[in-house]
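Peer 1: I'd like to ask some things about the structure below.
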Amino acid sequence: MKKFVSILLLTFIFSAKSEAQSYQMLQDFLEQGRYEELIAESDSLISGGSVSPYLYQYRGDAYYYLNDVRNALINYTRALEEYQHSEIADPVLEMDCFSNVGWCYDELGINEKALQYHMKHRELAVHYLDTSQFTVGTYNCAISLMEMGRYGEAMPLFLEVYDMDVLLKDTAAIGFDLNALGYVHLEAGFIDKAIEYYQQSIRLLEGSSGTQRSLATRWNNLGRAFLDKGNLDSASFFFKASFELHSELNDTINASERLISLGALENKRHNFANALPFLNTAKVALEQHEVVDQLIQCDLELATSYRGLGEYHKAEELAKKVVRNSFENSSLPGRINGYSLLSDIYEQTGRWQDALQANKNVQVCRDSLAGRETNRALVEMQVRYEVDNMMQENELLKVETQLSITQLEIAKKERLALWIGIVVLVAGAAAAIMVMFQRQALRRKLYDREVENLKLQVSALVGKADGKAEEISIDLLNAQIESPLSEREFEILASALKGNNNTQIAEELFVSVNTVKFHLKNVYDKLGVSSRNEALQFVIKQG
């Protein structure tokens, strides 16, 4: 009987180890960007009766990185349900579940629903005294409120995030927070306050190791704020400063956008001749890069300049080009602006019939734009319906899965009874079975030893790459990319390139796994990669 108990114990240990290995495999797939393989492996685990909130979290992450937000939402929601019905006590997992569901609802445009989950995430962070999670939850709440146009409610939340980053003395995060505060105040119409925040973010960046590209972007933001205030001289100054810095960085697209802004300013001042050099220079650069949206805006301002100079033929040709390109680019606002300008040109040249037709076209476009907004609302309602329907299907699937688990449990008990009978009847076979298991255990030890040797060899190889990655400074790396990494993002990237998984990174930097995933996704987006291997290759190439 003791031998039989030993066999059962060995079987249990082997099963638990196999499940742990399966989850480690999913983690490896996720970190390596092998999302389809992760989904296929998790499907196999689910069909085998494995049900766990961690399993559905992995699936949700895979679908999210594949930009399949709806399926990501289903799996994140299922992970939350499984956690709430389990005896697992994992505060980080619980907060991650609420945060991930909120992200998905935000990306689907259902911001009110997203806000509910972000608020719950924030409440849990307070309960568990997790400052990092509280900052993330607060920021996500602010984003949801801002997307709904509830700027007055978003502002104090952005301020909370700013205050926490000040306490943490995270300079890069503080600059980012000030820039976000400038944006939300500008959108809300508090222009003077927006200017103040933008100026603070610029001073902070100028006094730190921030990148020049970030400085050029913030100068442009400040110029926009002065433009909205009607202070054209200040707007022109910062647009020019931004243009010159983008030019030094060989950032042609952003430099051309600044030139368009400068040309538009001169048109506002009725200095139409002064606008032409800015706009023609921008047009040449944009045509080389085939950037349609910016070209439409550039041609519109050029047409305005020529109309102001009385060169109506050139103005008309450019306005018609704006309309054509807007049709090809499905831009209703561009068509409205093009037809409006044509109407003005026709009126000034006494072509009343053409002016009337252009005005009719403007009205048709505005009606289409209103219809598009109605359709957008209908699409949002459809998404809500589909998501709710998916949740109901998810409940049905849960019941079916539970039934399958029950059937599996019954089958296990039947097999156990059969096994006991066989052991009792064939006691002599037990010795042979023990020998077999001992041999398997010995093989397993040899196998584990070989695996450890392989891991050491792989670590040696990776160590060479890591050594190169560690020589890269944050300034050198940020100089190669458009959107700079914050100090926290760089710390997380450096830890990841050492071979640490998300859990190890979180423990090393004293943050949550969700925060690591959040920053890693931003890092991948900024580097233009989708996995750690690609990130490592990018860093090595830049070195």
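Quick note: the sequence shown uses my numbering, first residue -12, plus one each step.
The beta-carbon is built from N, C-alpha and C at its ideal position, and this holds for glycine as well.
Report the three-state DSSP secondary structure of V38 (helix, strand or coil).
Peer 2: coil
Peer 1: Given this structure, state the Cα-to-Cα distance separating A493 from I182, to the nearest angstrom.
Peer 2: So the alpha carbons of these two residues sit roughly 37 Å apart.
Peer 1: Can you list, in chain order, the stretches of the alpha helix (DSSP H) that have 4 or more residues and sit fully within the region 455 to 495?
Peer 2: 461 to 465 and 474 to 484
Peer 1: Counting contacts by CB-CB distance shorter than 8 Å, is A222 in contact with chain B?
Peer 2: Absence of chain B from the displayed structure is noted, only one protein chain being present.
Peer 1: So, for V516: in the same chain, excluding its five sequence neighbours on each side, which residues have a beta-carbon less than 7 Å away from its beta-carbon?
Peer 2: A522 and F525
Peer 1: For E18, I'd like the list of residues in its chain whose CB is within less than 6 Å of its CB, leaving aside the five on either flank, ordered along the chain.
Peer 2: R519
Peer 1: Drop a sphere of 10 angstroms on the beta-carbon of V498, count the other beta-carbons inside from all chains shown, and report buried for 16 or more, exposed for fewer.
Peer 2: buried
Peer 1: Does the Cβ of F265 have 16 or more other Cβ atoms within 10 Å, making it buried, or fewer, making it exposed?
Peer 2: buried
Peer 1: Using 8 Å as the Cβ pair cut-off and three pairs as the minimum, do the region 286 to 303 and the region 316 to 336 touch?
Peer 2: yes
Peer 1: Grab me the residues of Y70's own chain with a C-beta within less than 7 Å of its C-beta, minus the 5 sequence neighbours each way, in chain order.
Peer 2: P40, L80, E81 and C84
Peer 1: Return the CA-CA distance between A49 and A27, expressed in angstroms with no decimal places.
Peer 2: 11 Å
Peer 1: Can you tell me whether E315 is buried or exposed? The criterion is at least 16 other CB atoms within 10 Å of its CB, across all chains shown.
Peer 2: exposed
Peer 1: Quick one, are the C-beta atoms of L252 and S234 less than 8 Å apart?
Peer 2: no
Peer 1: From this set, A290, T122, S201 and I461, which residue's C-alpha is nearest F230's C-alpha?
Peer 2: S201
Peer 1: Quick one: what does DSSP say Y126 is sitting in, helix, strand or coil?
Peer 2: helix
Peer 1: What three-state label does DSSP hand Q199 in the structure shown?
Peer 2: helix
Peer 1: How about A129 and R475: are their beta carbons less than 8 Å apart?
Peer 2: no
Peer 1: For my contact list, Y43 and N62 are in at a C-beta cut-off of 8 Å; report their separation, rounded to the angstrom.
Peer 2: With 8 Å as the limit, Y43 and N62 qualify as a contact, their Cβ atoms being about 5 Å apart.
Peer 1: Taking 8 Å as the threshold (C-beta atoms), are A212 and G169 in contact?
Peer 2: Yes, the pair counts as a contact, with Cβ atoms nearer than the cut-off.
Peer 1: From Q14 to A483, what does the alpha carbon distance come to, in whole angstroms?
Peer 2: 13 Å
Peer 1: Considering only residues of the same chain and omitting the five flanking positions on each side of G250, which have a CB-CB separation below 6 Å?
Peer 2: A262, F265, L266 and E288
Peer 1: Comparing alpha-carbon positions, which option in D179, K399 and L273 lies nearest E536?
Peer 2: Lying outside -12 to 530, the shown extent of the chain, residue 536 is not represented and no answer is given.
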